[in-house]
Each structure stands twice: as C-alpha cells, then as structure tokens.
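Protein chains in written order, with the working numbering: chain A, 49 to 378; chain B, 49 to 378. Before any comments, here is the structure.
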C-alpha cells in the first residue's frame with residue numbers, strides 16, 4: 049500500500065505540501081494540486097486520515113484549553129488562535145476545563161495518546177509538578193496564564209505593570225481607599241497584578257487593607273456580589289481595581305441598582321477592554337489586553353514547535369503591551 | 049497485536065466501556081476500571097488512539113461548525129454542546145466558518161476522511177445541494193439554523209413566532225412605523241423571523257416599507273451603522289425589531305451618542321437575551337432564546353445517532369420555546 053511519502057516522492061514535492069493538498073487547505077497553487085492528484089491516482093492512494101496519522105504520528109490538530117467558553121476574553125483569544133491555525137491548515141480541539149483540575153488532567157491525556165500534535169494552555173489548574181509529566185509527549189505553549197515553575201514557551205504580558213498602571217490611575221484621581229479583586233487564588237496573573245497594585249499603593253504611602261481584597265471574582269455575577277459586599281461596609285473603598293471587565297460591568301450594574309454613583313461614590317477600573325467596556329453606563333476605564341494578538345502569537349509559537357522551520361510563520365519581535373483606556377467609570 | 053475487542057472480551061465488558069476507561073472518562077466504576085486495566089496488562093495492550101480509530105472507525109470527536117466565535121450567542125450554544133459532550137466522553141473539534149462557503153466545505157471533509165464521528169451545524173453557508181453529498185459519510189445534526197430542503201435531525205425553535213411576538217409587542221406599544229433587521233440574506237431563521245414580522249404588521253393593517261428593512265446586520269458594529277442610517281432618514285421609523293441583542297446594543301449605544309432617545313424616539317427590541325441585554329442603558333427588551341439548552345439538545349441528538357441505543361441519553365420531549373423579556377428599551 050502506498051504511503052504519503054510515496055506520493056510526495058512521485059510528485060516531487062514535500063510531505064507537508066502533499067498533506068495540504070489532500071486536506072484541501074488554502075494557499076496551495078493549482079500546479080501543485082495537479083501534481084499531487086496525478087501521483088495519488090498513479091499510486092492508487094486514498095487518503096484516510098487515521099491511516100495517515102498512524103504513519104506520520106501527526107494529526108494537524110492542536111488542543112486549546114479554555115477555562116470558560118462564555119467569557120468573551122477567551123472567545124477573542126480563541127479567535128486569534130483560530131485565525132493562525134486555519135491559515136496554516138491546522139484544526140482546533142477546544143477543551144473547556146471549567147476551572148477543574150481533574151477535567152484538565154483528562155484533557156492532558158490527548159497529547160499522551162497522540163490525538164493532538166500539541167496543547168495551547170490559556171489557563172492552568174493543576175500544579176506544575178502534575179502537568180510536567182505530560183510535557184515529554186508533545187509541545188505545550190502557554191498564553192495568558194503562566195506558572196513560575198514552568199519553562200514552556202509562552203506569550204506573556206507584563207501583568208505587574210497592568211496592576212500598577214490601573215492602581216496608579218486611581219491614585220492620580222485622588223483615591224486613597226482602593227479595593228482589589230482577583231480571579232482565583234492560584235492564578236499567577238492575578239498574583240502579578242496584585243503585586244503591581246501593592247507597588248503603586250506602597251509608592252503612594254497608602255494603606256493596603258485586607259477587607260478590601262476580593263479573592264474570587266471572575267465574572268459578571270461575581271461583580272454584583274462584590275458591590276453588595278462593598279455597599280454593606282461601614283467604611284467603603286472609594287475606588288476598585290477589578291482585573292476584569294466582566295466583574296467591573298457587574299459592579300457598575302449593581303451600583304446603579306443600589307443607588308451608588310459611579311464614578312462619584314465608587315470609581316471602577318476594568319481589565320481586558322472587551323466590547324462591553326463601552327456598552328455599560330458609565331463606560332469603563334480599563335486596561336486593554338490585545339486578546340486576539342495574544343492568541344495569534346500563541347498559535348505561531350506552536351507552529352514553530354510542530355512544523356519544519358521553513359513552513360513555520362515568523363515570530364513578531366516587538367512585545368505585546370498593556371495600555372490604559374480612559375473612559376467614564378473613574 | 050491485541051485489539052480493543054480482545055480487551056473487552058477478556059474483561060467481560062462492552063467495547064465502549066473499555067474505551068471510556070482507556071480515555072479516563074468520568075462515570076466509570078472503580079470495579080470496571082480494574083477489570084479493564086487487568087485485561088490490558090495481560091494482553092500487553094497499549095492504547096494508541098490512531099490505531100484504535102483505524103480499527104473502530106470511531107473517534108469520539110464531534111465537529112461543531114460555528115460562524116463567529118466572538119458572538120456570545122454561539123459561546124453559550126457551544127457551552128451547552130460541550131456540557132453534554134464532556135459528560136459522555138466526547139470531544140469537540142470547533143470549526144469557525146466565518147460565514148464563508150469555501151471554509152465550510154473544507155471543514156465538511158473532516159467527516160469524509162473519518163476524522164470526526166459527526167458534525168453539528170449551528171449555521172449553514174452552502175446550499176443544501178452542495179452539503180448533501182457529505183451526508184453519506186456520517187451523521188449531521190443542525191441547531192439554531194436550518195434549511196427547508198434538508199431532512200437532517202435538528203433542534204429548531206419557532207422563529208416565525210419569535211418575529212411575530214417581537215413585532216406584536218411593538219405594535220401594542222402604539223408603534224406604526226416599525227423597521228426590521230436580518231443577519232443575512234440566506235439565513236432561514238432570518239427569513240422565518242421576517243415572516244413573523246410581516247404577519248404581525250399585516251394583521252394590524254400596517255405598511256411594510258422596503259427602506260425600513262436592514263438586510264445585513266449581525267453584530268454590534270452593524271447595529272451602530274443601522275442607527276446612523278435611521279438618523280439620516282427624513283421619515284424615521286419609531287421602533288425596530290433587530291433579531292440580535294448585539295445589533296440592538298449597537299443601536300442603543302449609537303442612539304445615545306447622536307442624542308436619539310430610546311425608547312421615546314426609537315423603541316428597540318433585541319433577540320437572544322444575552323448578558324449584555326441587561327448591561328445596556330436602557331436595558332433591552334428582548335426575545336429569550338435558550339442557547340445553552342439548544343446546544344445540550346443538539347449534542348444529545350448527535351449521541352443518539354452515534355452511540356448504541358443503551359448508551360445514548362434520553363431526548364427531552366417538551367419543545368424549547370421563545371419568550372419575550374420586557375425591560376426598558378421599548
């Protein structure tokens with residue numbers, strides 16, 4: 049029985065070109081298509097993907113771990129990953145971990161059993177010591193989240209800086225009692241943003257108060273709960289760094305509901321610059337994260353690990369940056 | 049070399065139970081796990097997914113076609129599909145078609161080359177005559193969108209009713225000049241909603257005007273454009289049925305920007321009841337679509353096609369319904 053390599057040899061083309069033609073990928077010239085089709089015909093070769101996979105051990109599929117599909121930040125991140133994947137003839141297996149350690153470990157078996165060529169992590173639930181065991185089976189790229197124990201390639205923004213400029217902005221507006229939200233205890237990006245918050249507070253000689261730290265606030269409904277807690281305080285903060293536009297939108301919504309004025313009674317700063325940041329009233333001041341670009345880079349990084357050098361897209365050199373977008377909530 | 053069937057026979061269990069144990073799926077008893085692991089050990093069987101696939105022709109993977117990952121309606125739909133898939137040990141290959149016919153055709157090759165067990169369509173770009181050819185290779189389930197020429201199993205809501213109750217609501221509020229938006233020319237759900245709109249308008253003896261029909265309005269930015277066009281009209285409509293909360297949010301935003309009062313100058317009704325429907329000011333009156341439940345049912349329908357009867361989840365009998373949620377934009 050003929051193999052894909054036989055087809056490539058007869059057509060005088062590379063294996064990857066043959067694979068692209070067989071899978072009807074874009075950006076293959078008509079001439080190459082004709083050569084491959086002729087060779088396949090002569091060799092009586094019918095492409096069955098599973099048979100191909102067995103021989104090549106390549107699936108042209110990348111698993112993407114996403115904690116929550118309904119958080120728009122991750123939709124835009126996935127959109128960026130998908131744009132580069134499609135352009136290069138790769139497909140995405142989307143694995144929603146729901147912030148669950150066991151679910152995440154089950155998905156890691158995909159690379160172990162060779163069902164995907166690699167894994168892109170956009171969050172991480174298990175300790176690195178648990179995850180490390182899977183690294184020998186295939187490449188792993190991290191984006192958005194990271195772990196200080198890992199040395200996997202990653203797309204990482206300066207989140208300490210994000211926490212710093214957000215808090216600094218509130219201080220510059222005259223606030224002294226500033227609260228802080230974080231998504232989860234384990235998250236390294238949350239820890240980095242808190243470090244930035246603490247740096248700015250210290251620099252300004254302001255007191256960091258334990259009761260102003262909201263430790264688990266990841267979505268719109270959590271934001272509403274945070275506002276309710278603030279409303280019940282005797283000594284309320286006058287400003288809050290949220291770490292998420294979803295949380296900020298929940299705070300702004302519940303504040304209007306309870307008659308607390310934003311920004312007069314409570315200044316609110318979001319994070320991400322999701323579309324909702326300009327839909328709320330007042331519109332959200334926020335820290336823009338280039339979610340689409342982070343996704344694109346993560347997939348490019350992955351392609352540089354799984355494709356031969358000549359087929360992989362070049363990596364952009366300039367680092368991705370966080371920036372403050374000033375609107376009306378602060 | 050031992051096969052998965054050999055393992056099943058030695059363990060005295062079904063093939064699908066063995067497959068679930070090997071892939072670490074949830075809801076398998078410890079006793080069954082032990083039996084499978086013993087049999088695998090005795091037969092010196094190592095599960096390689098591609099080898100398994102070749103023998104069984106099953107991948108336990110379902111492709112889901114999504115037109116736009118960043119539209120929250122589809123995120124919630126995908127979330128519902130994912131919930132049922134995960135519970136039953138299936139994985140999702142997410143295929144973003146970007147409303148493009150060629151991209152969609154390329155993805156259809158996945159089922160032809162046996163890379164997935166079946167396909168769930170949440171939208172459809174190609175004519176049924178083109179798509180029909182792929183139906184012989186594996187099951188296809190449709191949800192959200194449909195095609196009147198197809199006879200594939202589908203999860204379908206009464207969209208004529210949706211168009212009717214939305215328009216009726218605006219008429220009951222005293223409006224006579226009512227505009228209508230649709231997502232795309234080809235979409236059967238858009239056509240059905242327009243039929244409902246026309247029915248309500250006719251019933252009330254109101255004039256349907258061509259210049260009040262906005263034919264391509266699918267997202268937030270399209271909504272802004274629609275409002276700009278309305279603002280430029282000499283004889284403006286006083287109400288608009290949008291077919292999408294994203295479009296409605298864009299209209300409400302741009303209206304505030306241009307000093308047009310919602311609902312006094314222009315009543316706006318959304319569709320879907322996405323989270324943004326309560327984040328805008330005024331909050332959106334909308335037609336609630338149970339996106340998560342639509343997704344769950346579509347995946348259950350698929351499992352009834354790809355699994356043996358005893359393993360497939362039961363199908364709920366009561367139909368899913370659209371309902372109006374009244375807020376402040378009308």
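No residue lacks a Cβ here, since even glycine has one placed at the ideal position from N, Cα and C. All values reported here derive from a predicted model rather than from experimental measurement.
Exercise for the section: Drop a sphere of 10 angstroms on the beta-carbon of residue 281 of chain B, count the other beta-carbons inside from all chains shown, and report buried for 16 or more, exposed for fewer. Expected result: exposed
I'd like to know whether the C-beta of residue 327 of chain A is nearer than 7 Å to at least one C-beta of chain B. Judged by the 7 Å Cβ criterion, residue 327 of chain A is in contact with chain B.
Q) Can you tell me whether DSSP reads residue 166 of chain A as helix, strand or coil? A) DSSP, read as helix, strand or coil, puts residue 166 of chain A in strand.
Evaluate residue 211 of chain B with the Cβ neighbour count: other Cβ atoms within 10 Å of its Cβ, from every protein chain shown; 16 or more gives buried, anything less gives exposed.
buried
Original post:
What residue range is occupied by the uninterrupted beta strand (DSSP E) comprising residue 140 of chain A?
Top reply: Looking at the DSSP string, the run of the beta strand (DSSP E) that includes residue 140 of chain A is 139 to 144.
| query | When we look at the beta-carbon of residue 253 of chain A and count the other beta-carbons within 10 Å, is it buried (16 or more) or exposed? | reply | exposed
* Asked: Should residue 52 of chain A be labelled buried (16 or more other beta-carbon atoms within 10 Å of its own) or exposed?
  -> buried
- Message: Which residue marks the beginning of the alpha helix (DSSP H) containing residue 246 of chain A, and which one marks its end?
- Response: 236 to 251
Exercise for review: Pick helix, strand or coil for residue 103 of chain A, following the three-state DSSP scheme.
Suggested key: Confidence in residue 103 of chain A is poor, its pLDDT being 48 and thus under 50, which makes the residue's placement too unreliable to answer from.
Just confirm the distance between the C-beta atoms of residue 193 of chain B and residue 236 of chain B, as a whole number of angstroms; I'd bet it's less than 8 Å. 6 Å
Can you give me the Cβ contacts of residue 368 of chain A inside the same chain, cut-off strictly under 8 Å, excluding the 5 residues immediately before and after it? Non-local C-beta neighbours of residue 368 of chain A in its own chain, meaning closer than 8 Å and more than five positions away in sequence, comprise 203, 205, 338, 341, 342 and 345, ordered along the chain.
Quiz item: In three-state DSSP terms, what is residue 310 of chain A?
Solution: coil
Discussion item. Suppose contacts are defined by Cβ-Cβ distances below 7 Å. Is residue 228 of chain B in contact with residue 245 of chain B by that definition?
Written reply: yes
*asked:* Within 10 Å of its beta-carbon, does residue 196 of chain A have 16 or more other beta-carbons around it, so buried, or fewer, so exposed?
replied: exposed
Integer-rounded CB distance, given that residue 302 of chain A should sit under 8 Å from residue 275 of chain A
4 Å
How about residue 322 of chain A and residue 115 of chain A: are their beta carbons less than 7 Å apart? no
I want to verify the contact list: residues of chain A whose CB lies under 9 Å from the CB of residue 124 of chain B, in sequence order. Correct list: 117 and 118.
- Is it true that the stretch 126 to 137 of chain A meets the stretch 349 to 363 of chain A, where meeting means three or more beta-carbon pairs spaced less than 8 Å apart? Because the criterion of three Cβ pairs below 8 Å is met, the stretch 126 to 137 of chain A and the stretch 349 to 363 of chain A touch.
_Quick check on DSSP: helix, strand or coil for residue 373 of chain B?_
Residue 373 of chain B falls in the strand class under three-state DSSP.
### Message
Tell me the rounded alpha-carbon separation between residue 361 of chain A and residue 189 of chain A.
### Response
16 Å
* To do: Give me the Cα-Cα distance between residue 284 of chain B and residue 225 of chain B, rounded to the nearest whole angstrom.
  => 8 Å
Practice prompt. To the nearest angstrom, report how far apart residue 145 of chain B and residue 123 of chain B are at their CA atoms.
Written response: The straight-line gap from Cα to Cα measures roughly 14 Å.
Could you compute how far the alpha carbon of residue 69 of chain A sits from the alpha carbon of residue 55 of chain B? 38 Å
* So which of B:327, B:148, B:91 and B:77 has the shortest CA-CA distance to residue 293 of chain A? -> B:327
With DSSP as the reference, label residue 336 of chain B as helix, strand or coil.
Three-state DSSP puts residue 336 of chain B in a strand.
Next on the checklist: Against residue 297 of chain B, what residues of chain A qualify as contacts under a CB-to-CB distance less than 7 Å, listed in chain order?
Outcome noted: 327
Q.
Please confirm whether residue 103 of chain A has its beta-carbon closer than 7 Å to some beta-carbon of chain B.
A. For residue 103 of chain A, the predicted structure reports a pLDDT of 48, less than 50, and the residue's modelled location is therefore unreliable. A value from the coordinates is still provided. No - not a single Cβ of chain B is within 7 Å of the one on residue 103 of chain A.
Query raised in the report: Can you name, in chain order, every residue of its own chain whose Cβ lies under 6 Å from the Cβ of residue 102 of chain B, other than the five neighbours on each side?
Result: Residue placement at residue 102 of chain B cannot be trusted, given a pLDDT of 47 that sits under 50; the coordinates are not used to answer.
Which residues in chain D have a C-beta closer than 7 Å to the C-beta of residue 268 of chain A? List them in chain order. Absence of chain D from the displayed structure is noted, the protein chains being A and B.
- Look at the alpha carbon of residue 230 of chain A and the alpha carbon of residue 318 of chain B, and state the distance between them as a whole number of angstroms. 33 Å
Task: Residue interval of the beta strand (DSSP E) (run including residue 76 of chain B) - done: DSSP places residue 76 of chain B in no beta strand (DSSP E); its state is neither H nor E.
- Query: Which residue from B:154, B:164, B:141 and B:191 puts its Cα closest to that of residue 107 of chain B?
  - Reply: B:164
Note to self: With a threshold of 7 Å on Cβ separation, who are the neighbours of residue 279 of chain A within its own chain once the five nearest residues in sequence on each side are excluded?
What the structure shows: 306 and 308
(message) According to DSSP, simplified to helix, strand and coil, what is residue 228 of chain B?
(response) strand
Notebook entry, point to check: Closer than 7 Å, CB to CB, is residue 310 of chain A near chain B or not?
Noted result: no
Next on the checklist: With distance defined between alpha-carbon atoms, name the residue in A:59, A:374 and A:60 nearest to residue 218 of chain A.
Outcome noted: A:374
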